[in-house]
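To start, the structure under review is shown below, and the notes come after it.
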Amino acid sequence: MLKDITLGQYFPMESVVHRMDARFKIIITLLYLVMLFLGQRIYALLAGLLFTVVVTLCSKIPMKMILKSIKPIVPILLVTGILNLLLLDGGDVLWQWKFLKITEEGLHTSAFMVARICLLIAGTSLLTYTTSPITLTDAIEQLLSPLKKLKLPVHELAMMMTIALRFIPTLIEETDKIMAAQKARGADLESGNLLQRAQALVPILIPLFVSAFRRAEELALAMECRCYHGGEGRTRLRILHSGLRDYVALSFILLLLSAVILLNLFC
Amino acid sequence: MPILEAKDLTYTYSIGSPFEKTAVDHISLQIEQGEFVGIIGHTGSGKSTLMQMLNGLLKPTSGKILLDGNDIWAKKADRRQVRFQVGLVFQYPEYQLFEETVYRDIAFGPKNMGLSESEIDQRVRETAAAVGLREELLEKAPYALSGGQKRRVAIAGVMAMEPRVLILDEPTAGLDPKGREKILDQLARYHKRTGCTILLVSHSMEDVARYASKLLVLNRAKIMCYDTPSKVFAQSDALAQTGLALPQITRVFAALREKGICFSEEVYTVKFGAALLEDALKGGAFKC
Chain A
-7 MLKDITLGQY FPMESVVHRM DARFKIIITL LYLVMLFLGQ RIYALLAGLL FTVVVTLCSK
53 IPMKMILKSI KPIVPILLVT GILNLLLLDG GDVLWQWKFL KITEEGLHTS AFMVARICLL
113 IAGTSLLTYT TSPITLTDAI EQLLSPLKKL KLPVHELAMM MTIALRFIPT LIEETDKIMA
173 AQKARGADLE SGNLLQRAQA LVPILIPLFV SAFRRAEELA LAMECRCYHG GEGRTRLRIL
233 HSGLRDYVAL SFILLLLSAV ILLNLFC
Chain B
8 MPILEAKDLT YTYSIGSPFE KTAVDHISLQ IEQGEFVGII GHTGSGKSTL MQMLNGLLKP
68 TSGKILLDGN DIWAKKADRR QVRFQVGLVF QYPEYQLFEE TVYRDIAFGP KNMGLSESEI
128 DQRVRETAAA VGLREELLEK APYALSGGQK RRVAIAGVMA MEPRVLILDE PTAGLDPKGR
188 EKILDQLARY HKRTGCTILL VSHSMEDVAR YASKLLVLNR AKIMCYDTPS KVFAQSDALA
248 QTGLALPQIT RVFAALREKG ICFSEEVYTV KFGAALLEDA LKGGAFKC
């Protein structure tokens, strides 16, 4: 049932990429995105493909998992592909039927866009595959910490994210339990029209909200009991370390990025 | 014919993933009409999974469940009707209360059964009385009640469907001793009055020893024994090995026997033990 949904798709493995500093991984992913969007021609895609393949091999994540990450966006790919294919005008007309026509330009752009989105998702899901959600929020907090000077509550935001992530599995489990309990009392969740189905959710949502509030209150109390008072002066259990491999990886993406920019300028 | 029968029942969680776990392993058992079955076993012995299969909430990986001899997972079977016949009270059932008033929450089950207003009203009032909820509480919001009261509202919510088999998964967990006793006594009375079949899952040997006419001991997803309490408790060594202790009073009498003070019968309940002792103190015979 609900339990089978994977949230945060962390795929634990022993690999160089998994051991990398999460801050670097985030920066590298951002640079990767920039690279994909800057490149207007095929070489940007090639650079992206090269990066994705190299990182995948280093991370020991099975190729199957990468393909799986693309599956949910197939509808988006289809829409993008078809719209670009039919609506773009330019070059020779390859095929025409009433008002629909496919041009060379359209075919070209459509293939380019679809490939770019695939690479986009594949590359970014590598980040979430190799980094646990908690580490990720930690890294985001540290990357954003300069914004504290602007009075942005960075620590609080990160803490909220961590807590939300922590409680998602708990709430899923709870939903499962409440659903089972109401079904045992004859609640009918599977049949009826839209309105009836929405109404059938009430016996599940109300206990779920009540318990979520109860949990929040208990958690707040427990945190206060342990003298939690925000991020100031707080030390960490896990400190992020950067090392040689992080700089190597950063140089790799910078190299690719500059190659793409140069090719953009001079070709 | 047994009212409820499990045939070679197996349930495996997350098949094909690294977390695969068999919670119920080829269990067969028969439950007769009117029986009060106590079910004991360690955490993770498969009690809750078995209970959820018995009322059709979980579909067994393999095996069959027969209600009155009919397979509840047969193609034409209506599982919703099965759930009205086999009522299941979950652990910590108070977390499932959702209606604005206690009355409406108890009425949720009967309403789903499609009963008439007057029938629902009668059932709500009857079951509320059966679990010891005062009339004036019926119009209160469930969240305004105490923990023990909420628990009783939730139990009444299942009882009101008048299931022929009532399964309760640790109905006394987290309650104080007085609250436990009250709920169990009311349950015993309800059993006597309606003659329905009750399955009581519990951690406490004392509780099941006091009320159950039959005991089902689960260990590591399998049935260790399924018999009358005296026959089950006779295997004290086997029970001890699985980490289940005999009722305290039985252990007291075993200690007395070691000291040379013996009674003719095994003692499983405090009441019976007290009666025996009283007899002995009045000059009845020790037998050793």
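Chains as they are written, first to last, in the working numbering: chain A, -7 to 259; chain B, 8 to 295. Where a beta carbon is used, it is the ideal one built from N, C-alpha and C, also for glycine. For clarity, every value in this text was computed on a predicted model and none was experimentally measured.
In the DSSP secondary-structure assignment, Ser69/B is bridged to Thr17/B. Here Met215/A is exposed. Its C-beta has fewer than 16 other C-beta atoms within 10 Å. At a cut-off of 7 Å between C-beta atoms, Gly178/A counts as an interface residue with respect to chain B.
In the DSSP assignment, the residues bridged to Phe43/B are Ile205/B. Burial check for Met212/B: the Cβ neighbour count within 10 Å reaches 16 or more, so the residue is buried. Counted as a single uninterrupted DSSP element, the stretch harbouring Lys266/B is not any alpha helix (DSSP H), since DSSP gives it neither H nor E. The C-beta of Gly155/B comes no closer than 7 Å to any C-beta of chain A.
At a cut-off of 7 Å between beta carbons, Ser203/A contacts chain B. For a Cβ distance threshold of 8 Å, residue set Ala172, Lys175, Ala176 of chain A lies close to Leu64/B, ordered along the chain.
Contact annotation: Val31/B and Thr50/B have beta-carbon atoms that are not nearer than 7 Å. Counting along the chain, the unbroken alpha helix (DSSP H) around Ala135/B starts and ends at 124 to 137.
Gly116/B has a beta carbon lying within less than 7 Å of a beta carbon in chain A.
Residue environment analysis places Val131/B among the buried positions, since at least 16 neighbouring C-beta atoms fall within 10 angstroms of its C-beta.
Between Ser51/A and Tyr121/A, the alpha-carbon positions lie close to 9 Å from each other. Chain A has no Cβ within less than 7 Å of the Cβ of Arg111/B.
Contact check for Leu152/B and Tyr110/B: beta-carbon distance about 12 Å, past the 8 Å limit, so the pair fails to qualify.
If you check the CB distance, Cys110/A and Ile62/A come in under 7 Å.
Straight-line spacing of the CA atoms in Asp85/B and Gly63/B works out to 10 Å.
Boundaries for Val274/B: no alpha helix (DSSP H) harbours it, and the DSSP string shows neither H nor E there.
For Asn185/A, no beta strand (DSSP E) encloses it, and the DSSP letter there is neither H nor E. A distance of 7 Å or more separates the beta carbons of Ile132/A and Ile170/A. Between Met58/B and Leu95/B the beta-carbon gap is near 6 Å, inside 8 Å, which marks them as a contact.
Minimum Cα-Cα distance from Pro67/A among the listed residues Val106/A, Gly223/A, Met55/A, Leu42/A corresponds to Val106/A.
Under the rule that a run must span 3 or more residues, the beta strand (DSSP E) segments found entirely inside the stretch 158 to 230 of chain B read 172 to 176, 204 to 208, 221 to 226. For Pro199/A, at least one C-beta of chain B is nearer than 7 Å to its own C-beta. In this chain, the beta strand (DSSP E) harbouring Gly94/B covers 93 to 96.
For His33/B, the enclosing beta strand (DSSP E) begins and ends at 28 to 38. Residue pairing by DSSP places Thr95/A opposite Val85/A in a beta bridge. Contact check for Ala228/B and Ser52/B: beta-carbon distance about 7 Å, within the 8 Å limit, so the pair qualifies. The shortest C-alpha to C-alpha distance from Thr48/A to any of Leu78/A, His10/A, Phe205/A is the one to His10/A. Put simply, of Arg33/A, Gln134/A, Phe43/A, Ala156/A the residue whose alpha carbon is nearest the alpha carbon of Val146/A is Gln134/A. When the Cα atoms are used, Phe260/B and His198/B turn out to be separated by approximately 29 Å. The criterion of a C-beta distance shorter than 7 Å is satisfied by Ile113/A and Ile65/A.
Taking the C-beta atoms as reference points, Ser243/B is found nearer than 7 Å to Leu253/B. When Ser220/B, Ile127/B, Thr134/B are compared, the shortest CA-CA separation from Ile38/B is found for Ser220/B. Interface annotation for the stretch 96 to 110 of chain B against chain A: Phe97, Pro100, Tyr102, Gln103, Leu104, Phe105, criterion Cβ-Cβ distance under 7 Å.
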